[in-house]
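Colleague: From first to last, the protein sequence lines stand for chains A and B. Residue numbering for the first sequence follows the working numbering, beginning at 10 and increasing consecutively. Residue numbering for the second sequence follows the working numbering, beginning at 10 and increasing consecutively. Here a beta-carbon is modelled for each residue, glycine too, at the ideal position from N, C-alpha and C. Mind having a look at this structure? Questions to follow.
2 protein chains.
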Amino acid sequence: MSTQDTRSWQSIHQEVLRRINDRIWRPGEFIPNEAELAEEFGCARATVNRALRELADAGYLDRRRKAGTRVALHPVRKATLDIPIIRLDVEQRGAAYGYSLIELVRTSPPVRIRSRLRLQDGVEMLHIRALHLANGHPYAYEDRWVNPTAVPDILSADLSAISANEWLVRNATFTRGDIAFSATNAGPVEAEMLSVPEGAALFVVERTTWMRGVPITSVLIAYAPGHRMHTTL
Amino acid sequence: MSTQDTRSWQSIHQEVLRRINDRIWRPGEFIPNEAELAEEFGCARATVNRALRELADAGYLDRRRKAGTRVALHPVRKATLDIPIIRLDVEQRGAAYGYSLIELVRTSPPVRIRSRLRLQDGVEMLHIRALHLANGHPYAYEDRWVNPTAVPDILSADLSAISANEWLVRNATFTRGDIAFSATNAGPVEAEMLSVPEGAALFVVERTTWMRGVPITSVLIAYAPGHRMHTTL
DNA sequence: CAGTGGTCTAGACCACAAG
DNA sequence: TTGTGGTCTAGACCACTGG
Numbered sequence: 010m011s012t013q014d015t016r017s018w019q020s021i022h023q024e025v026l027r028r029i030n031d032r033i034w035r036p037g038e039f040i041p042n043e044a045e046l047a048e049e050f051g052c053a054r055a056t057v058n059r060a061l062r063e064l065a066d067a068g069y070l071d072r073r074r075k076a077g078t079r080v081a082l083h084p085v086r087k088a089t090l091d092i093p094i095i096r097l098d099v100e101q102r103g104a105a106y107g108y109s110l111i112e113l114v115r116t117s118p119p120v121r122i123r124s125r126l127r128l129q130d131g132v133e134m135l136h137i138r139a140l141h142l143a144n145g146h147p148y149a150y151e152d153r154w155v156n157p158t159a160v161p162d163i164l165s166a167d168l169s170a171i172s173a174n175e176w177l178v179r180n181a182t183f184t185r186g187d188i189a190f191s192a193t194n195a196g197p198v199e200a201e202m203l204s205v206p207e208g209a210a211l212f213v214v215e216r217t218t219w220m221r222g223v224p225i226t227s228v229l230i231a232y233a234p235g236h237r238m239h240t241t242l
Numbered sequence: 010m011s012t013q014d015t016r017s018w019q020s021i022h023q024e025v026l027r028r029i030n031d032r033i034w035r036p037g038e039f040i041p042n043e044a045e046l047a048e049e050f051g052c053a054r055a056t057v058n059r060a061l062r063e064l065a066d067a068g069y070l071d072r073r074r075k076a077g078t079r080v081a082l083h084p085v086r087k088a089t090l091d092i093p094i095i096r097l098d099v100e101q102r103g104a105a106y107g108y109s110l111i112e113l114v115r116t117s118p119p120v121r122i123r124s125r126l127r128l129q130d131g132v133e134m135l136h137i138r139a140l141h142l143a144n145g146h147p148y149a150y151e152d153r154w155v156n157p158t159a160v161p162d163i164l165s166a167d168l169s170a171i172s173a174n175e176w177l178v179r180n181a182t183f184t185r186g187d188i189a190f191s192a193t194n195a196g197p198v199e200a201e202m203l204s205v206p207e208g209a210a211l212f213v214v215e216r217t218t219w220m221r222g223v224p225i226t227s228v229l230i231a232y233a234p235g236h237r238m239h240t241t242l
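Structure follows, in structure tokens:
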């Protein structure tokens, strides 16, 4: 209640969050403005601003000029997922990573891929199919299309030694990406690749990336049954 | 190259990002320190700091005192996922939302739930099973355990009218949460609930939340086949 | 119009870690 | 020890938007 001698923005961040969690400031309710809080906490307004801005970014507060700051009605929690190199993913689980290139051809992509990448027809792309292994067992099956126009250097990379996944992460940054997660029953191809029965439930990640509007790659990764993608809120 | 008259931190953010994407500053390479950049851009050091801090938070830069600032080796991209109320999720897809409470009992949870929540045995919890509908069709099957000690008010809520999902989002904030995504084959129960054949691949979300170490709820949500969780990078 | 948050400044001191 | 980022301040002006 009384004036605190907290002086860092972290302290203010913590104290404001406490008041939200303890429902001292309830969802939808206005909280004091920056000047008032600065006085209460005995600090500059910029310090309060920093604390409240972080809380607003995290979804705890809604801030609007003139209107003021209020506690968010639905504290929208955001989970952040890293987009890792599969090799690191495997190694982090304490397993030995293996990689096997199955197919690497330059050909014309199917309509599904063309439309997803918004490419004209007749364009040739690199089609890569590969298997990622953990302790010698199938871990994930990767089916990828790469636009060689966007990353010509990949044509001279040894994709039997380094996975396209890893090569691209290291050598091709992107400005925009779409990612989708879903579940699918293993078809004949996936079943054989992952050594599982047809129909097994597979966790699937589809990702497409662009660099300033130029499509780089579109990939589908099907994980062996039992795979869990985990994170913290 | 020459001094720019950009004066906002957003401009500096944009320009630094451009230099990273154009590989003017390459991964692992040091960039000028804040004072030098402030001079180049003709602004205060605090303004540069703001821009670089945002880029570091986004994973583009690595910053360390004394050492300096360098371009991140593996630009770890983070996908942020909202944790929505299922009703809003359905409505956003343009469908009419429906909800059906299947079971609501107070009983002792199985070991699997107890250990996940780190609860003593003998504790009674609320077990809720429900079906979420979109345009009258099964959308997701929810199997939830709630710790009534953490949220006693839920005992007086009408969980046949409002889903536990929504009630908890509105009334019980949490300080920590685990979330996991996976795929599973529909068992007899899920198959019946979702009106799909046994063995169908289901997208599964498991979420557990705590408030200052006190477990609130643990829920498993199995989505009907075809469900896709989508986001942008 | 006026109140609120958003941003910028010039300067200062501090915390950390590399050499 | 010393150079770097991290933070705080007091003040100022601006941008947006509610009343």
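By DSSP, does residue 22 of chain A sit in helix, in strand, or in coil?
Modeller: Helix, per DSSP.
Colleague: Taking just the CA atoms, how far does residue 129 of chain A sit from residue 203 of chain A?
Modeller: About 33 Å.
Colleague: With 9 Å as the C-beta to C-beta threshold (strictly closer), list the residues of the stretch 78–95 of chain B near chain A in chain order.
Modeller: If the cut-off is 9 Å between Cβ atoms, the stretch 78–95 of chain B has 82, 83, 84, 85, 86, 87, 88, 89, 90, 91, 92, 93 and 94 near chain A.
Colleague: Contact between the stretch 33–46 of chain A and the stretch 60–72 of chain B is defined here as three or more beta-carbon pairs at a separation below 8 Å; is this criterion met?
Modeller: No, they do not touch.
Colleague: Cβ of residue 239 of chain A less than 7 Å from any chain B Cβ?
Modeller: Judged by the 7 Å Cβ criterion, residue 239 of chain A is in contact with chain B.
Colleague: Using the three-state DSSP reduction, which class does residue 162 of chain A fall into: helix, strand or coil?
Modeller: Residue 162 of chain A falls in the helix class under three-state DSSP.
Colleague: Is the CB-CB distance between residue 296 of chain A and residue 213 of chain A below 7 Å?
Modeller: A question about residue 296 of chain A goes unanswered here, because the residues of chain A that appear run from 10 up to 242.
Colleague: Three or more C-beta pairs under 8 Å: does that hold for the stretch 218–230 of chain A against the stretch 111–129 of chain A?
Modeller: The stretch 218–230 of chain A vs the stretch 111–129 of chain A: in contact.
Colleague: Find the nearest neighbour of residue 162 of chain B within the set B:170, B:177 and B:151, judged by alpha-carbon distance.
Modeller: Residue B:177 is the option with its Cα nearest to residue 162 of chain B.
Colleague: If we count Cβ pairs, one from each stretch, closer than 8 Å, do we get three or more for the stretch 69–78 of chain A versus the stretch 111–123 of chain A?
Modeller: No: the two stretches stay apart, fewer than three of their Cβ pairs being nearer than 8 Å.
Colleague: For a cutoff of 7 Å on Cβ pairs, would you count residue 109 of chain B as touching chain A?
Modeller: By this cut-off, residue 109 of chain B is not an interface position.
Colleague: Would you list the residues sitting across from residue 167 of chain A in a DSSP beta bridge?
Modeller: Looking at the DSSP assignment, residue 167 of chain A forms no beta bridge with any residue, so it has no partner.
Colleague: What does residue 226 of chain A reach in chain B if we use C-beta pairs closer than 9 Å?
Modeller: Near residue 226 of chain A there are no residues of chain B at all, since even the closest Cβ is about 13 Å away, more than 9 Å.
Colleague: Kindly list, in the order they appear in chain B, the residues whose Cβ is closer than 7 Å to that of residue 127 of chain A.
Modeller: The contacting residues do not exist; residue 127 of chain A stays about 16 Å from chain B at best.
Colleague: Classify residue 197 of chain A as buried or exposed, calling it buried when 16 or more other Cβ atoms lie within 10 Å of its own Cβ.
Modeller: Result: exposed.
Colleague: Let me know the secondary structure DSSP gives residue 55 of chain B once reduced to three states.
Modeller: Helix, per DSSP.
Colleague: Would you kindly work out how many angstroms separate the C-alpha atoms of residue 11 of chain B and residue 28 of chain B, rounded to a whole number?
Modeller: In this predicted model, residue 11 of chain B has a pLDDT of only 37, less than 50, meaning its place in the structure is not dependable enough to derive any value.
Colleague: Give me the Cβ distance between residue 98 of chain B and residue 85 of chain A, rounded to the nearest whole Å; I'm assuming they're in contact under 8 Å.
Modeller: Not confirmed; about 12 Å, so no contact.
Colleague: Name, going along the chain, the residues of the stretch 139–159 of chain A whose beta-carbon falls closer than 8 Å to a beta-carbon of chain B.
Modeller: Answer in chain order: no residues at all.
Colleague: Counting beta carbon pairs with one atom in the stretch 131–139 of chain B and one in the stretch 155–169 of chain B, are three or more of them shorter than 8 Å?
Modeller: With a cut-off of 8 Å, the stretch 131–139 of chain B and the stretch 155–169 of chain B count as touching, because enough Cβ pairs lie within range.
Colleague: What is the DSSP secondary structure of residue 127 of chain B, counted as helix, strand or coil?
Modeller: Of the three classes helix, strand and coil, the one that applies to residue 127 of chain B here is coil, per DSSP.
Colleague: Between residue 208 of chain B and chain A, is there a C-beta pair that is closer than 7 Å?
Modeller: Yes, residue 208 of chain B lies at the interface with chain A (some Cβ there is under 7 Å from its Cβ).
Colleague: Taking only beta-carbon atoms, is residue 61 of chain A less than 7 Å away from chain B?
Modeller: Judged by the 7 Å Cβ criterion, residue 61 of chain A is not in contact with chain B.
Colleague: Kindly list the residues whose CB is nearer than 6 Å to the CB of residue 106 of chain B, restricted to its own chain and excluding five residues on each side of it in sequence; keep chain order.
Modeller: Same-chain partners within the cutoff: 96, 99 and 100.
Colleague: In chain B, which residues lie with their C-beta within 8 Å of the C-beta of residue 236 of chain A?
Modeller: Those are 191 and 192, listed as they occur along chain B.
Colleague: DSSP three-state label for residue 176 of chain A, please.
Modeller: Reduced to three states, the DSSP call for residue 176 of chain A is helix.
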